[in-house]
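Undergrad: Protein chains in written order, with my numbering: chain A, 1038 to 1326; chain B, 2 to 154.
Idealized CB from N, CA, C, for every residue including glycine.
#1: Looking only at its own chain, which residues have a Cβ that is under 6 Å from the Cβ of residue 1135/A, when we skip the five neighbours before and after it?
#2: With H, G and I counted as helix, E and B as strand and the rest as coil, what does DSSP make of residue 1155/A?
#3: Find out if the Cβ-Cβ distance for the pair residue 1321/A, residue 1217/A is shorter than 8 Å.
#4: With a cut-off of 8 Å, do at least 3 Cβ pairs link the segment 1199-1219 of chain A to the segment 1277-1292 of chain A?
#5: What is the residue span of the beta strand (DSSP E) that residue 3/B lies within?
#6: Against chain B, does residue 1123/A count as a neighbour if the rule is that its beta carbon must be under 8 Å from one of theirs?
#7: Along chain B, in chain order, which residues have C-beta atoms closer than 9 Å to that of residue 1330/A?
#8: Measure the alpha-carbon distance for residue 125/B versus residue 147/B and round it to whole angstroms.
#9: Taking the runs of the alpha helix (DSSP H) that are 4 residues or longer, which of them lie wholly in the segment 45-116 of chain B?
#10: Starting from the C-beta of residue 24/B, find all residues in its chain whose C-beta is less than 7 Å away, skip the five residues before and the five after it, and write them out in chain order.
#11: I think residue 1239/A touches residue 1091/A, with their Cβ atoms under 8 Å apart; what is that distance to the nearest whole Å?
#12: Let me check understanding here. Comparing Cα to Cα, which of 11/B, 153/B and 84/B lies closest to residue 69/B?
#13: Any heavy atom of the ligand HEM closer than 7 Å to the CB of residue 1092/A?
#14: With distance defined between alpha-carbon atoms, name the residue in 1313/A, 1044/A and 1209/A nearest to residue 1286/A.
#15: Distance check for residue 114/B and residue 149/B, CA to CA, integer angstroms please.
#16: Within the same chain, show all residues whose beta-carbon is closer than 8 Å to that of residue 7/B, passing over the 5 residues directly before and after it, in chain order.
#17: Identify, in the order they occur along the chain, each residue of the same chain with its Cβ nearer than 7 Å to the Cβ of residue 1197/A, setting aside the five sequence neighbours on each side.
#18: Suppose contacts are defined by Cβ-Cβ distances below 8 Å. Is residue 1263/A in contact with residue 1310/A by that definition?
#19: Does the CB of residue 1092/A have a neighbour CB from chain B at under 8 Å?
#20: Return no unless some Cβ of chain B is closer than 8 Å to the Cβ of residue 1038/A.
#21: Entirely within the segment 1179-1259 of chain A and at least 3 residues each: give me those beta strand (DSSP E) ranges in chain order.
#22: Just to confirm the assignment, what range does the beta strand (DSSP E) spanning residue 1034/A have?
#23: Would you say residue 1070/A and residue 1147/A are within 8 Å of each other, going by their C-beta atoms?
#24: Does the beta carbon of residue 55/B come closer than 8 Å to any beta carbon on chain E?
#25: Leaving out five residues before and five after residue 1086/A in sequence, what residues of the same chain have Cβ atoms less than 8 Å from its Cβ?
#26: What are the partner residues of residue 1173/A, as DSSP defines its beta bridges?
#27: Nearest to residue 131/B by alpha carbon, out of 1242/A, 1308/A and 1231/A?
#28: What's the gap between the Cα of residue 1166/A and the Cα of residue 154/B?
Structure, rendered in structure tokens:
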């Protein structure tokens, strides 16, 4: 079965890409890996007249460290990010999260910029990036700007992108010194599925075991990926006791605003948030490394 | 559009409509029927081929996106008339039932073995997590991949 026909434009610089995407003749869509857009075209959900491909814009593929901040070009793939030593060494939470995206072949093609622009509530990388207070760089007809990731997800499958704007990079500050990080993903159907609930956390414990910094973020728990701020407030300044973990997990369940869908009901999601936030916190607390 | 890339070790120059995927190009443009059309949405894995030694979904990747890259389909697994160790292992162990998923599974496995010559059974299962066998004959498939590993454990 063929895709609904479109014209493909392949700009070779960001300036050309902004120009090609911003032109007002018919409906245009950006394509990077195509793992989200191509199925949407095949299912007839979108019928763009032209696709503007970002694969020939070299600056968008980069993965580098700039003054301690990790810079991921928008078309860096999940597989490239996972295999990059700088990421594994300095941003292990992010490496762990991108490694859990779908399947090997999807990770070869799917890109970090595409993942964020798609604004999937159950994104695997988004909770990790929320814990890192990442920033999203975008460029469009009105120039370039930076959006804190906490404000990048505007609603259900809706990113804070104006017409003609392109995600160019994600800037990821390093984790706090001594932080323990982890991502766990609970799938209710099959292992390679998007998460029913995904939980990412970065916590810092002092020598007495008291939590001095806590960042907890959830995927699949609301119309967008979110930080579980109630859970963070409970953890900060406290010893991570079993009771504190239970209270934090309960607070995370209250922070959530889950939807019901074929994967599970809103009530089930809330219950799974209680379970998986507690499990992740226990794993991080008990991690001896 | 004009497109040049490497296909199964040989240079390939061809024409393709803008909206064709790699799967359209392989099957309908180039007459290579080994790569199968399953779900068309990147879920089932039967259209898996290699691009620069990494697995891709031929049904999701636009043909233009393999320009200049090295593509390997199931037809390219054998070399100089000799079957790939994966093909031999699959045949010897009967690791195919209806066979519709087999080309995609062998290429997903090939990508794993190129990167990891001594995988564990768990690593094999993870590498094949995106490939469905609806006959559900996974046990022999995993055994065959382990048997074909260049440096088995």
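TA: Taking the geometry as given:
#1: 1115, 1118, 1119 and 1162
#2: Residue 1155/A falls in the helix class under three-state DSSP.
#3: yes
#4: Contact between the segment 1199-1219 of chain A and the segment 1277-1292 of chain A is absent: fewer than three C-beta pairs spanning the two stretches fall below 8 Å.
#5: 3-8
#6: False, the Cβ-Cβ gap to chain B never drops below 8 Å.
#7: The question about residue 1330/A has no answer here: the residues shown for chain A are numbered 1038 through 1326.
#8: The C-alpha of residue 147/B is placed about 8 Å away from the C-alpha of residue 125/B.
#9: 86-94 and 103-116
#10: 36, 38, 48, 59 and 60
#11: That belief does not hold up - the Cβ atoms of residue 1239/A and residue 1091/A are roughly 30 Å apart, past 8 Å.
#12: Ranking the options by Cα distance to residue 69/B, first place goes to 11/B.
#13: Questions concerning the ligand HEM fall outside what the structure shown contains, since it holds no ligand whatsoever.
#14: When each option's Cα is compared against that of residue 1286/A, the closest is 1313/A.
#15: 8 Å
#16: Here the set comprises 13, 70, 71 and 72.
#17: For residue 1197/A, where only same-chain residues beyond five positions count, the Cβ hits under 7 Å are 1184, 1188, 1189 and 1191.
#18: no
#19: yes
#20: Contacts with chain B at 8 Å (Cβ-Cβ) include residue 1038/A.
#21: 1180-1185, 1190-1192, 1203-1209, 1217-1223, 1234-1242 and 1248-1256
#22: Outside the shown range of chain A, which is 1038 to 1326, sits residue 1034/A, and nothing can be said about it.
#23: At a Cβ-Cβ threshold of 8 Å, residue 1070/A and residue 1147/A count as neighbours.
#24: Annotation note: the requested chain E is absent from the structure, which comprises protein chains A and B.
#25: 1043, 1044, 1062, 1063, 1064 and 1065
#26: 1184/A and 1207/A
#27: 1231/A
#28: Rounded to the nearest whole angstrom, the C-alpha separation of residue 1166/A and residue 154/B is 37 Å.
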